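Report on the structure given below.
There are 2 protein chains.
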Amino acid sequence: MNNRYQTFAKLFKTLADPNRLKIIDILSCGEKCACDILEEFQFTQPTLSHHMKVLIDSGLVNSRKQGLWHFYRLNPERSHQVKQFLTELISETDACICHEQAVCSSLEQVR
Amino acid sequence: MNNRYQTFAKLFKTLADPNRLKIIDILSCGEKCACDILEEFQFTQPTLSHHMKVLIDSGLVNSRKQGLWHFYRLNPERSHQVKQFLTELISETDACICHEQAVCSSLEQVR
DNA sequence: ATTATATATAGATAATAATCTATGTAAGGG
DNA sequence: CCCTTACATAGATTATTATCTATATATAAT
Chain A
1127 MNNRYQTFAK LFKTLADPNR LKIIDILSCG EKCACDILEE FQFTQPTLSH HMKVLIDSGL
1187 VNSRKQGLWH FYRLNPERSH QVKQFLTELI SETDACICHE QAVCSSLEQV R
Chain B
1127 MNNRYQTFAK LFKTLADPNR LKIIDILSCG EKCACDILEE FQFTQPTLSH HMKVLIDSGL
1187 VNSRKQGLWH FYRLNPERSH QVKQFLTELI SETDACICHE QAVCSSLEQV R
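Shown next, in the form of structure tokens:
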């Protein structure tokens, strides 16, 4: 299995939660600390901590510690990679340069 | 909760599986029937049927029946919507037009 | 009609993940 | 040194999902 599929499947899994999408949306306004983010949600602090860990592990978010506060910010480069992957994934060129070349070339195109 | 978060979280969930990413990649070469797709995987036919159902329900893939064969093809418009959402989600403008306006404007930006 | 082929559906199982409560840790204030 | 604050970690529970075997359905061929 092409490793890119697994890599980006993990990234999409990170994005596959409405709460994490809202967190990303909030962070698009700029750096925020956990306590500020938490105010916008109904769930508990450990749940937010879990989501932030998932986001950081994915590379979509970076963090910085300053005294008691942990500040989080977006890593736009990472989400750009996601968009780039999607673009490549669905691109249909004349030459059919999908990443599973063997698949496409081995199949008769007309039934 | 902003309904767009839930809508697109579901779409990302569809994309959060390496096998389905590979299926999409294969379909980027053009329309294929299930039996041709199945050849590229180790899992069983019901498993492929499950994945195709997920892809169709998400709107990322359309299908067509012709005799015994079911043909599947990409709906590029849907994946374009995903990219568009990602672009909007992370966009940081001077005016901070995130979808959670109240969040951004209510927070002091400097600590 | 019977058989073969292509795909879907049902139901079970195992793995993953979202959430909670309880507790730990680290930093600052008095 | 003790308390408070901000956040993380541990462990349990519940829900979801990927996969399987077994079976159904629909179409074509003989």
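Protein sequences, first through last, are from chains A and B.
Using our numbering, the first residue of the first sequence is number 1127, and each one after it goes up by one.
Using our numbering, the first residue of the second sequence is number 1127, and each one after it goes up by one.
Just so you know, even glycine gets a beta-carbon here, dropped at the ideal spot from N, CA and C.
Computed from a predicted structure; not experimentally measured.
Interface flag, residue i vs chain A, CB-CB below 8 Å
{"i": "K1191(B)", "result": "no"}
{"i": "P1144(B)", "result": "yes"}
{"i": "A1135(B)", "result": "yes"}
{"i": "V1208(B)", "result": "yes"}
{"i": "L1164(B)", "result": "no"}
{"i": "V1141(B)", "result": "According to the sequence provided, residue 1141(B) is Leu. The question's Val does not apply to it. It does: the Cβ of L1141(B) has a partner Cβ on chain A nearer than 8 Å."}
{"i": "L1194(B)", "result": "no"}
{"i": "N1188(B)", "result": "no"}
Close beta carbons around residue i, own chain, < 7 Å, minus the five adjacent residues each side
{"i": "I1152(A)", "result": "K1158, I1163 and E1166"}
{"i": "H1196(A)", "result": "C1159, A1160 and S1189"}
{"i": "T1140(A)", "result": "R1146, V1180, L1181, S1184 and L1186"}
{"i": "F1138(B)", "result": "none"}
Exposure label - residue i; buried when at least 16 CB within 10 Å
{"i": "T1133(A)", "result": "exposed"}
{"i": "L1194(A)", "result": "exposed"}
{"i": "K1148(B)", "result": "buried"}
{"i": "S1154(A)", "result": "buried"}
{"i": "F1169(B)", "result": "exposed"}
Reference residue i, options the options, closest by Cα
{"i": "R1146(A)", "options": "E1203(A), K1136(A), Y1131(A) and M1178(A)", "result": "M1178(A)"}
{"i": "P1202(B)", "options": "G1156(B), E1214(B) and R1130(B)", "result": "G1156(B)"}
{"i": "P1144(B)", "options": "P1144(A), K1136(A), H1176(A) and I1150(A)", "result": "K1136(A)"}
{"i": "R1199(B)", "options": "V1208(B), R1130(B) and I1150(B)", "result": "I1150(B)"}
{"i": "A1142(B)", "options": "S1217(A), K1191(A) and V1208(A)", "result": "V1208(A)"}
{"i": "I1216(B)", "options": "H1206(A), S1217(A), N1129(A) and I1216(A)", "result": "H1206(A)"}
Same chain, Cβ closer than 6 Å to residue i, neighbours up to 5 away in sequence not counted
{"i": "R1204(B)", "result": "G1185 and L1186"}
{"i": "F1211(A)", "result": "F1134"}
Interface flag, residue i vs chain B, CB-CB below 8 Å
{"i": "D1183(A)", "result": "no"}
{"i": "T1213(A)", "result": "yes"}
{"i": "Q1132(A)", "result": "yes"}
{"i": "V1180(A)", "result": "no"}
{"i": "F1238(A)", "result": "This structure gives no information on residue 1238(A), because the portion of chain A shown stretches from 1127 to 1237."}
{"i": "L1174(A)", "result": "no"}
Contacts around residue i, its chain only, beta-carbon distance under 8 Å, and the 5 residues preceding and following it disregarded
{"i": "Q1171(B)", "result": "A1160 and L1164"}
{"i": "S1274(A)", "result": "A query on residue 1274(A) cannot be resolved here, the shown segment of chain A reaching from 1127 to 1237 and no further."}
{"i": "K1191(A)", "result": "F1197"}
Exercise. Jot down the residue ranges of each uninterrupted beta strand (DSSP E) in the region 1165-1217 of chain B, minimum 3 residues, whole runs only, in chain order.
Key: Listed in chain order, the complete beta strand (DSSP E) runs (minimum 3 residues) inside the region 1165-1217 of chain B are 1187-1192 and 1195-1200.
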